[in-house]
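> First the structure, which I've put down as structure tokens, then a few questions once you've had a look.
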């Protein structure tokens with residue numbers, strides 16, 4: 188997997204390697220040991236959700252202010268999407284800044 192830290196500290200773009208053949212495609216969408224080595228801390232995955240959106244759908248803001256917070260892992264199987272992150276952590280040096288993938 189390729190890891191790229193965004194302009195908001197603690198936010199990452201993760202691009203999995205895909206392995207394809209005539210049967211289709213295989214990829215690891217998450218591997219704990221690799222994640223920890225890349226970002227410097229564990230991600231204790233307690234719940235995973237999947238939503239499927241039709242073309243043209245605009246989804247709302249994902250937000251939590253209670254420690255330890257929540258991670259958001261977005262993937263696009265077909266088509267394209269734009270995901271935006273905004274730093275709303277009061278006191279953060281990047282408060283109010285945003286980035287997108």
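Numbering (the working numbering), first residue to last: 188 to 288. Every residue gets a Cβ at the ideal spot worked out from N, C-alpha and C, and that includes glycine.
#1: Just list the residues that DSSP pairs residue 296 with in beta bridges.
#2: Between which two residues does the alpha helix (DSSP H) containing residue 213 stretch?
#3: Taking contact to mean 3 or more Cβ pairs, one atom from each stretch, closer than 8 Å, check whether the region 237 to 244 and the region 209 to 219 are in contact.
#4: Using the C-alpha atoms, what's the distance from residue 190 back to residue 355?
#5: DSSP has residue 272 in a bridge; who is on the other side?
#6: List the endpoints of the continuous alpha helix (DSSP H) containing residue 219.
#7: Determine, using beta carbons only, whether residue 281 and residue 201 come nearer to each other than 7 Å.
#8: Could you pull the start and end residues of the beta strand (DSSP E) that residue 208 belongs to?
#9: Check whether the Cβ atoms of residue 288 and residue 270 lie closer than 7 Å to each other.
Looking at the coordinates:
#1: Residue 296 cannot be examined here, being either before or after the span of the chain that is shown, 188 to 288.
#2: Per DSSP, residue 213 belongs to no alpha helix (DSSP H); it is in the beta strand (DSSP E), 211 to 213.
#3: The region 237 to 244, when compared against the region 209 to 219, does not touch it at the 8 Å Cβ threshold.
#4: Because the chain spans 188 through 288 in this model, residue 355 falls outside it and cannot be assessed.
#5: Paired residue(s): 286.
#6: It spans 219 to 226 - the alpha helix (DSSP H) in which residue 219 sits, taken as one unbroken run.
#7: In this structure, residue 281 sits away from residue 201, with a CB-CB distance that is not shorter than 7 Å.
#8: It spans 206 to 208 - the beta strand (DSSP E) in which residue 208 sits, taken as one unbroken run.
#9: For residue 288 and residue 270, yes; Cβs fall inside 7 Å.
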